[in-house]
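Student: In my numbering, the protein residues as written are 248 to 845. We treat Cβ as the ideally placed atom computed from N, Cα and C, and that holds for glycine. It should be emphasised that the depicted structure is a prediction, and the values quoted were computed from it without experimental measurement. Below are the structure tokens for one structure; questions will follow.
See below:
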């Protein structure tokens with residue numbers, strides 16, 4: 248199949264605005280719980296009226312500060328309740344939210360605020376404010392920096408106390424659904440980040456057709472709730488934020504994916520999760536490590552194999568009696584503990600950002616947590632295709648959601664059409680023109696295939712295609728994702744352009760290494776152990792397993808373990824944890840040359 252389309256389910260009114268639901272729910276059901284926020288270690292319900300009042304107070308402060316319709320306002324903070332309140336307040340006054348990752352450097356802050364022409368910026372802390380002030384001389388349009396922490400946001404709200412409700416409502420209802428809602432800057436794996444122009448229509452069309460389409464079961468379960476812990480500066484978490492507001496899903500915020508997240512999930516007990524594959528890899532690896540350290544490694548591995556077999560059987564008519572009995576036994580011994588680690592109520596999780604891998608997808612579905620993979624880009628308001636609980640084809644990213652068309656071009660590139668596609672790149676007409684073909688299809692830059700049912704599989708990135716000296720085209724994503732799924736591996740980058748064979752640079756996961764050292768009687772850091780025969784053998788096992796998924800010409804013949812991990816601070820990763828391949832090649836050029844000269 249070369250093209251697949253689905254009819255739209257929800258048409259968006261020309262009068263619709265993202266703020267409508269916040270104000271409507273406050274009027275219709277003021278005492279209903281809309282969000283939860285963590286205060287002094289406890290979760291407190293936030294009613295529809297309380298949230299509306301917070302949004303209104305911030306919006307009045309914006310009006311008092313002179314923020315006009317269409318003005319851009321930066322927002323630099325970790326994921327927290329105030330992020331959502333500020334976002335909706337900016338939309339309430341007709342402004343345009345410009346998210347900035349709280350880890351962004353001074354240079355990145357300068358580019359995003361400067362390129363967007365932001366008039367003001369909200370920052371979480373004094374440290375963030377200092378980062379903005381350090382480049383303030385280069386930002387002549389930036390008039391205000393407002394801090395969230397301490398008394399900053401409270402004082403800001405008070406500054407708008409003279410603005411009337413009538414003035415607020417007049418501002419809120421001015422404009423159309425096609426007004427700009429946000430500028431989200433791409434990760435910038437190559438060159439400067441580009442600002443994707445997303446309108447109120449883009450975001451509402453996307454989420455309403457998803458929550459009343461493929462993810463209806465996720466967003467309509469009784470007592471539904473989720474905990475957002477991915478950065479809201481990323482379009483993936485952002486669209487789920489809008490989905491929670493629109494679907495009456497209670498939403499909480501947590502600022503990190505660190506070790507304390509698991510304990511928080513156990514207390515919050517969400518009905519569904521939003522995560523990237525690395526989170527699931529860590530959950531699996533930690534469960535495995537714990538079982539091995541307690542002498543129950545064989546039981547865990549048998550339970551994992553049973554879960555995978557059980558899930559696979561669901562796609563082929565269901566499990567037989569023997570498999571069902573084994574699955575029931577392991578549900579009590581193993582699976583229940585894994586589910587309890589994420590609160591014990593979650594049946595579904597939505598995963599995006601990169602490929603999860605079939606084995607992990609089947610494992611979690613077999614355990615009782617169905618991971619629903621999807622695919623999209625910042626330019627498409629996050630999702631374009633997504634599986635559903637009822638029709639979850641593991642190993643694919645699902646079908647285009649209602650109102651969206653996908654096409655595979657002659658060279659294998661995925662092309663997209665729909666009202667979720669951005670209107671263009673901010674102040675960059677050349678890049679905008681290049682992003683669309685002559686028929687108006689958006690060029691994703693990704694390579695993929697559609698099966699006979701319209702399910703999309705991602706096979707690589709067009710710009711990342713490696714051409715070996717023998718002329719073989721190799722898409723590195725497939726084997727990189729497989730290698731990265733090993734407990735010891737943090738990052739993997741395949742190289743081999745104009746070389747005789749494919750090789751890989753591999754970094755080691757620091758937490759997993761500590762466990763491995765205890766199990767193998769080793770000491771030292773990665774730099775000391777990178778040539779250790781036992782560690783090399785363990786990584787070789789991951790490479791050998793991954794090589795089974797590709798042809799010999801695409802397989803990794805050699806690899807080297809790097810002494811450091813890829814990080815955002817080191818320049819190798821973007822804020823959304825994508826590898827900057829050109830930077831890695833430059834920084835580790837000697838290591839690459841050593842592979843091919845050995």
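Out of 672, 508 and 656, which has the shortest C-alpha to C-alpha gap to residue 685?
Tutor: 656
Student: Look at the alpha carbon of residue 596 and the alpha carbon of residue 845, and state the distance between them as a whole number of angstroms.
Tutor: Each residue's Cα considered, the two are about 45 Å apart.
Student: Could you please give me the residues that DSSP links to residue 752 through a beta bridge?
Tutor: 740 and 807
Student: Taking the beta strand (DSSP E) that residue 664 belongs to, which residues open and close that run?
Tutor: 660-664
Student: Select from 774, 500 and 411 the residue whose C-alpha is nearest the C-alpha of residue 285.
Tutor: 500
Student: I need the straight-line Cα distance from residue 536 to residue 544, nearest angstrom please.
Tutor: 8 Å
Student: Taking the C-alpha atoms as reference points, what is the distance between residue 634 and residue 641?
Tutor: 8 Å
Student: Would you kindly work out how many angstroms separate the C-alpha atoms of residue 735 and residue 559, rounded to a whole number?
Tutor: 26 Å
Student: Span of the beta strand (DSSP E) holding residue 285?
Tutor: 280-286
Student: Note down, in chain order, each residue of its chain lying with its Cβ closer than 7 Å to the Cβ of residue 639, except the 5 sequence neighbours on either side.
Tutor: 617 and 619
Student: Are the beta-carbon atoms belonging to residue 368 and residue 314 less than 9 Å from one another?
Tutor: no
Student: Could you check whether residue 450 and residue 429 sit closer than 9 Å to each other, using their CB atoms as the reference points?
Tutor: yes
Student: Enumerate in chain order the residues of its own chain whose CB-to-CB distance from residue 375 is below 6 Å, with the five nearest sequence positions on each side excluded.
Tutor: Excluding residues within five positions, the ones whose Cβ falls inside 6 Å are 323.
Student: Using a Cβ distance threshold of 8 Å, determine whether the region 673-684 contacts the region 732-749, with at least three qualifying pairs required.
Tutor: Three or more Cβ pairs closer than 8 Å define a contact, and the region 673-684 falls short of that threshold against the region 732-749.
Student: Looking only at C-alpha atoms, which of 551, 570, 741 and 700 sits nearest to residue 608?
Tutor: 551
Student: Please identify the residue among 496, 521 and 497 whose C-alpha is closest to the C-alpha of residue 508.
Tutor: 521
Student: Which of the three DSSP states, helix, strand or coil, is assigned to residue 200?
Tutor: As displayed, the chain neither begins before 248 nor continues past 845, which places residue 200 out of reach and without an answer.
Student: Is DSSP giving residue 819 helix, strand or coil here?
Tutor: coil
Student: Excluding the 5 residues flanking residue 517 on each side, which residues of the same chain have their C-beta closer than 8 Å to its C-beta?
Tutor: 472, 473, 474, 499, 589, 590, 592 and 593
Student: Give every residue of the same chain whose Cβ lies closer than 6 Å to the Cβ of residue 739, excluding the five residues on either side of it in the sequence, and list them in chain order.
Tutor: 727, 730, 731, 751 and 753.
Student: Give me the Cα-Cα distance between residue 461 and residue 790, rounded to the nearest whole angstrom.
Tutor: 35 Å
Student: When the Cα atoms are used, what is the spatial distance from residue 466 to residue 274?
Tutor: For residue 466 and residue 274, the distance between alpha carbons rounds to 22 Å.
Student: At a Cβ threshold of 9 Å, is residue 757 touching chain B?
Tutor: This model lacks chain B altogether, as it is built from one protein chain only.
Student: Under 9 Å between the Cβ atoms of residue 626 and residue 491?
Tutor: no
Student: In chain order, what residues of the same chain have a beta carbon less than 8 Å from the beta carbon of residue 826, not counting five sequence neighbours either side?
Tutor: Excluding sequence neighbours, residue 826 sits near 436, 738, 740, 813, 819 and 820.
Student: Sort out for me which residues DSSP pairs residue 459 with in a bridge.
Tutor: The partner list for residue 459 (beta bridge, DSSP) is empty, contrary to what the question assumes.
Student: Would you list the residues sitting across from residue 346 in a DSSP beta bridge?
Tutor: 322
Student: Give every residue of the same chain whose Cβ lies closer than 8 Å to the Cβ of residue 745, excluding the five residues on either side of it in the sequence, and list them in chain order.
Tutor: 714, 715 and 716
Student: In whole angstroms, give me the CA-to-CA distance for residue 389 and residue 561.
Tutor: 56 Å
Student: Can you tell me whether residue 387 is buried or exposed, with buried defined as 16 or more other CB within 10 angstroms of its CB?
Tutor: exposed
Student: Answer yes or no: do residue 504 and residue 476 have a C-beta to C-beta separation smaller than 9 Å?
Tutor: yes
Student: In whole angstroms, give me the CA-to-CA distance for residue 249 and residue 798.
Tutor: 24 Å
Student: Give the secondary structure of residue 630 by DSSP, where H, G and I count as helix, E and B as strand, and everything else as coil.
Tutor: strand
Student: Nearest to residue 512 by alpha carbon, out of 767, 255 and 289?
Tutor: 289
Student: Take residue 800 and list the residues in its own chain whose beta-carbon comes closer than 6 Å to its own, dropping the five residues that flank it on each side.
Tutor: Around residue 800: 719.
Student: Assign residue 782 to buried or exposed, taking buried as 16 or more other Cβ atoms, counted over all protein chains shown, within 10 Å of its Cβ.
Tutor: buried
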